[in-house]
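Residues 1 to 361 (the UniProt record's numbering) make up the sequence shown, in order. The beta carbon of each residue, even a glycine, is placed where N, CA and C say it ideally should be. Here the structure is laid out as structure tokens; the discussion comes afterwards.
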Amino acid sequence: MDNSATSAEPAQDGNVNECVALVQSQQQMLMTLLQEQQRLQSELVRQNQEMRQQQQQQQTSRASVRNVPSSSLSSKATYDMSMQQWRIWRRDIVQFAEMCGWDVKTTVMNIRLQCDEKLKRVIEAEFGDRWIELTADQALTAVESILRKASNPAREKEKFHKLNQQPGETGKAFVHRCEQQALECDMACPHCSKDLSEWCIRDRVLAGLHSDQLKIDLYQNIDKYQTLASLVEKIDIFEAASAGCSVLAHVDADGEPESSEPADDGEAAVAALKSAYKRGKSKSHQKAVSTLEECSDMITVDQEMVRQHAQNDGTYQLLKQRIEGDTWPGSCSNESDMCMDPGKWIRDLIPCIWIWDPLRS
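So this is what it looks like as structure tokens:
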């Protein structure tokens with residue numbers, strides 16, 4: 001009896017262990033199922049949020065399409081349009097697609113629809129059904145490639161090299177014309193494909209400037225103007241200085257303009273500025289007579305006035321003696337130093353004129 005009871009106890013312990021292991025396995029399975037269910041729920045929530053966002057975007061896109069005026073749509077791209085016109089058209093169609101909320105496929109289809117008949121035929125011949133598989137950037141690049149093949153770079157370069165600054169045209173305006181024409185040309189190096197536009201524009205601006213004086217100055221100091229920006233800065237400085245000097249140079253002593261022609265070079269402008277400054281200064285100071293003829297004319301006309309004011313004033317007495325006496329240059333009989341040196345006579349007479357001149361006004 002005791003032996004049978006002892007053998008039954010290990011069997012019961014084994015059954016208990018198996019039950020515990022089975023329960024633990026089931027618990028682990030339930031935990032795994034619960035985690036998977038939570039994951040699926042999170043995924044469903046995320047998908048629902050994305051769907052709602054897409055619906056909101058679609059509603060916004062539809063509303064934006066309704067609000068975009070038809071006049072905002074760019075005109076059709078033509079087979080013979082210039083590169084400058086093409087760049088404007090490309091920017092317009094891209095912006096219109098963004099305003100309308102077009103997706104990639106819709107944008108590509110509209111790019112083709114916005115081309116003229118000749119350009120459409122070329123696109124159809126080169127791409128056919130593959131056109132719809134392109135991205136928006138690829139479609140625009142394809143159209144640009146077609147237009148470049150249709151253009152004549154040699155003809156555009158000829159126009160570029162004939163550009164010259166027109167009379168009255170500012171340096172900045174001339175540089176802008178050169179830059180716009182350069183966009184129509186292929187300025188890339190044929191060997192390394194490096195863009196040489198800035199170098200070509202700088203040389204064209206330098207050769208086409210209207211002012212010879214400015215061109216000479218630039219050629220003499222060409223090492224200082226290796227970039228287009230430095231050349232434009234020099235042109236601006238020269239034009240500003242010439243404009244300021246021209247205004248001062250063409251105003252006479254009474255403040256009236258003498259001429260409407262601008263100064264042609266910097267040296268003439270500086271000389272004119274000095275002359276205008278001297279004339280302006282003379283308006284507030286009495287003019288000193290510097291030539292013998294002017295002194296003679298002034299004294300001959302106003303001899304009577306000098307005699308009336310001479311009286312006991314030594315200064316006027318000196319002038320009176322010059323008029324009535326033998327010391328008048330060219331009329332005295334002796335070999336005095338005053339006759340031999342007219343400059344000395346002038347130096348003696350000028351103080352009299354300074355005092356006498358206000359009486360004439």
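Query - Buried or exposed (CB count within 10 angstroms, at least 16 for buried), C178 - result: On the sequence shown, position 178 is the one that residue 178 refers to. Buried.
Query raised in the report: Do the region 160 to 176 and the region 224 to 244 meet, that is, are 3 or more Cβ pairs less than 8 Å apart?
Result: yes
Requested in this report: Can you grab the Cα-Cα spacing for the pair C19 / Q27, in whole Å?
Outcome: Counting from 1 along the sequence shown, the entry for residue 19 is found at position 19. Counting from 1 along the sequence shown, the entry for residue 27 is found at position 27. So the two alpha carbons sit approximately 12 Å from each other.
Query raised in the report: So, using beta-carbon positions, are W131 and V94 closer together than 8 Å?
Result: One-based indexing of the sequence shown puts residue 131 at position 131. One-based indexing of the sequence shown puts residue 94 at position 94. Cβ distance not < 8 Å, so W131 and V94 don't count as in contact.
**Report entry** Residues sharing a beta bridge with D137, DSSP
**Finding:** Sequence index remark: in the sequence shown, residue 137 carries index 137 (1-based). DSSP, once it has assigned bridges, lists no residue as partnering D137.
Query raised in the report: Beta-carbon separation of G208 and L163 under 8 Å?
Result: Looking up residue 208 in the sequence shown gives position 208. Looking up residue 163 in the sequence shown gives position 163. Taking 8 Å as the Cβ cut-off, G208 and L163 qualify as a contacting pair.
Query - Counterpart residues of D212 in DSSP-defined beta bridges - result: By 1-based counting over the sequence shown, the position of residue 212 is 212. DSSP links D212 through a beta bridge to no other residue.
**Report entry** CB of A77 within 8 Å of CB of V143, strictly
**Finding:** Counted from its first residue, the sequence shown places residue 77 at position 77. Counted from its first residue, the sequence shown places residue 143 at position 143. Cβ distance < 8 Å, so A77 and V143 count as in contact.
Query raised in the report: Do the region 110 to 118 and the region 197 to 216 touch if we need at least three Cβ pairs shorter than 8 Å?
Result: no
Query raised in the report: Shortest alpha-carbon distance to V185 belongs to which of Q213, K149 and D217?
Result: Here the question's residue 185 lines up with position 185 in the sequence shown. With the sequence shown as reference, residue 185 is identified as Cys, and Val is not the correct amino acid for it. Checking every option, the nearest Cα to that of C185 belongs to K149.
Query raised in the report: Between F127 and the rest of its own chain, which residues show a CB-CB distance below 8 Å, the 5 nearest in sequence each way excluded?
Result: Here residue 127 refers to the residue found at position 127 of the sequence shown. L134 and A142.
Query - When L140, I123 and W199 are compared against M83, the one with the closest alpha-carbon - result: Counting from one through the sequence shown, the residue named residue 83 turns up at place 83. If we check each option's Cα against that of M83, L140 comes out closest.
Query raised in the report: From T32 to S42, what does the alpha carbon distance come to, in whole angstroms?
Result: Sequence index remark: in the sequence shown, residue 32 carries index 32 (1-based). Sequence index remark: in the sequence shown, residue 42 carries index 42 (1-based). Taking the straight line joining both Cα atoms gives about 15 Å.
Requested in this report: Give the DSSP-derived three-state secondary structure of E18 in the structure shown.
Outcome: Indexing the sequence shown from 1 puts residue 18 at position 18. Correct three-state label for E18: helix.
Report task. Identify, in the order they occur along the chain, each residue of the same chain with its Cβ nearer than 8 Å to the Cβ of residue 364, setting aside the five sequence neighbours on each side. Result -> Given a span of 1 to 361 for the chain in the structure shown, any question on residue 364 remains unanswerable.
Report task. Kindly list the residues whose CB is nearer than 8 Å to the CB of Q218, restricted to its own chain and excluding five residues on each side of it in sequence; keep chain order. Result -> Taking the first residue of the sequence shown as position 1, residue 218 is located at position 218. According to the sequence displayed, residue 218 carries Leu and not Gln. Hits under 8 Å: L206, L209, Y225, L231 and K234.
Query raised in the report: Would you call G343 buried or exposed, if buried means 16 or more other Cβ atoms sit within 10 Å of its Cβ?
Result: Position 343 of the sequence shown, counting from 1, holds the residue named residue 343. Any reading at G343 needs caution, since the residue's pLDDT is 47, under 50, leaving its predicted position unreliable; the model's value is listed next. Exposed, since its Cβ has fewer than 16 Cβ neighbours within 10 Å.
Query raised in the report: Does DSSP classify D203 as helix, strand or coil?
Result: In the sequence shown, counting from the first residue as 1, residue 203 sits at position 203. In this structure, D203 counts as helix in the three-state DSSP scheme.
Query raised in the report: Which value, in whole angstroms, describes the spacing of the CA atoms of M51 and R121?
Result: The sequence position of residue 51 within the sequence shown is 51, counting from 1. The sequence position of residue 121 within the sequence shown is 121, counting from 1. Distance between the alpha carbons of M51 and R121 is about 40 Å.
Query raised in the report: CA-CA distance, A137 and R204?
Result: Here residue 137 is taken as the residue at index 137 of the sequence shown, counted from 1. Here residue 204 is taken as the residue at index 204 of the sequence shown, counted from 1. As written in the sequence, residue 137 is Asp, which differs from the Ala given in the question. D137 and R204 have their C-alpha atoms roughly 33 Å apart.
Query - Those residues which DSSP pairs with D103 across a bridge - result: If you number the sequence shown from 1, residue 103 lands on position 103. According to DSSP, D103 bridges with nothing at all.
**Report entry** Burial state of L30, where buried means 16 or more other Cβ atoms lie within 10 Å
**Finding:** Residue 30 sits at position 30 when you count from the first residue of the sequence shown. Classification for L30: exposed.
Report task. Classify D186 as helix, strand or coil using the three-state DSSP reduction. Result -> By 1-based counting over the sequence shown, the position of residue 186 is 186. D186: coil per DSSP, three-state reduction.
Query raised in the report: When the Cα atoms are used, what is the spatial distance from A154 to Q55?
Result: On the sequence shown, residue 154 is found 154 positions in, with the first residue counted as 1. On the sequence shown, residue 55 is found 55 positions in, with the first residue counted as 1. Each residue's Cα considered, the two are about 53 Å apart.
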